[in-house]
Amino acid sequence: MLRLAILISGRGSNMIKLAEAIDQSHLNAQIAVVISNQHCAGITHAAALGLPTKIIEKQNFATRHAHDAAIEQAINAAAADFVFLAGYMAILGAEFTTVLAGRLINIHPSLLPEFKGLDTHQRAIDAHATRHGATVHLVTAALDDGPIILQAELSVSPHDNADKLAARVLQLEHQLYPFVLKSLCDGQLTLAADKVTWRRQELPTQTVPPSAAAAFAEAVRWPDAAKP
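If you count the sequence shown from 1, you need to add 710 to reach the numbering used here.
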């Protein structure tokens, strides 16, 4: 069974979707701890789900390195196999990302390498992008720059504003992240420090509702470097 640590900073909607996927799709995984760098709605939701939680506030540490070390200690104490960042709004240091290389996963609201960083939806609109979406990737010391695991895309409508586009992309995130977790559990996906390998590319059958499966399969973008 895969043991997960999930890092959050806000509402924790992706964390909730991962927890629901584990429960409803009977994935061979367990959320060992949910860690936040501040008091937030996501921690309240996690506690309501009966998940172990820990708040490690940066303001209580003199340096980012010390804060990262405390988070790493909590991850190790939970014996986590993988760490999923789910709206964790802080930059992690190079030492932290190196120690957890190949085990540290993030979901970002753009089609990387486009629109790294913040305000991705407004920037996509300002750039007149016709396609936008979400990316799951391995985390490295460089911001939003690790090997791509999987992406899902949608068409940008002329009627979209940043809020509408964000809501549509969030729906993709809620399908994409659980599918990646399922693939790890099934052995369909394997990760190393700098390598992503998909053993086979299957349509989602468990983590996406049947009514949405065809549309999600159409939205998925398999990274060339990850193809068998």
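Backbone N, C-alpha and C fix where the C-beta goes; we use that ideal spot for every residue, glycine too.
Local conformation of residue i per DSSP, three classes
i: Gly812; result: coil
i: Leu860; result: strand
i: Ala788; result: coil
i: Ala837; result: coil
i: Phe771; result: coil
i: Pro938; result: Residue placement at Pro938 is poorly supported in this model, since its pLDDT is 43, which falls under 50; the coordinates are not used for a value here.
i: Ser723; result: helix
i: Ile732; result: helix
i: Leu712; result: strand
Boundaries (first-last residue) of the alpha helix (DSSP H) holding residue i
i: Lys905; result: Here Lys905 belongs to no alpha helix (DSSP H); instead the beta strand (DSSP E) covers 905-908.
i: Lys764; result: First-last for Lys764: 763-765, but that is the beta strand (DSSP E), not the alpha helix (DSSP H).
i: Ala758; result: 751-758
i: Gln916; result: Careful: Gln916 lies outside any alpha helix (DSSP H) and carries neither H nor E.
i: Ser867; result: First-last for Ser867: undefined, no H or E at that position.
Bridge partner(s) assigned by DSSP for residue i
i: Thr818; result: Rather than Thr, the amino acid found at residue 818 in this sequence is His. Paired residue(s): Thr845.
i: Leu717; result: Ile745, Leu795
i: Leu875; result: BP columns for Leu875 are empty, so no partner.
i: Val930; result: Ala862
Residue i, enclosing beta strand (DSSP E) - first and last residue
i: Ala902; result: 899-902
i: Gln740; result: 739-746
Cut-off 6 angstroms between Cβ atoms - residues of its own chain near residue i, not counting five sequence neighbours on either side
i: Pro819; result: Thr830, Ala844, Val879
i: Ser893; result: Leu899
i: Asp791; result: Leu712, Arg713
i: Gln838; result: Note on identity: in this sequence residue 838 is His, with Gln being the wrong assignment. Excluding positions up to five away in sequence, the list is empty.
i: Val930; result: Ala862
Neighbourhood of residue i by C-beta distance below 7 angstroms, restricted to the same chain and skipping five residues each side
i: Leu821; result: Arg841, His842, Gly843, Thr845, Gln861, Glu863
i: Asn770; result: none
i: Asp870; result: Ile835
Original post:
Contact between the segment 768-778 and the segment 749-758: three or more CB pairs below 8 angstroms?
Top reply: no
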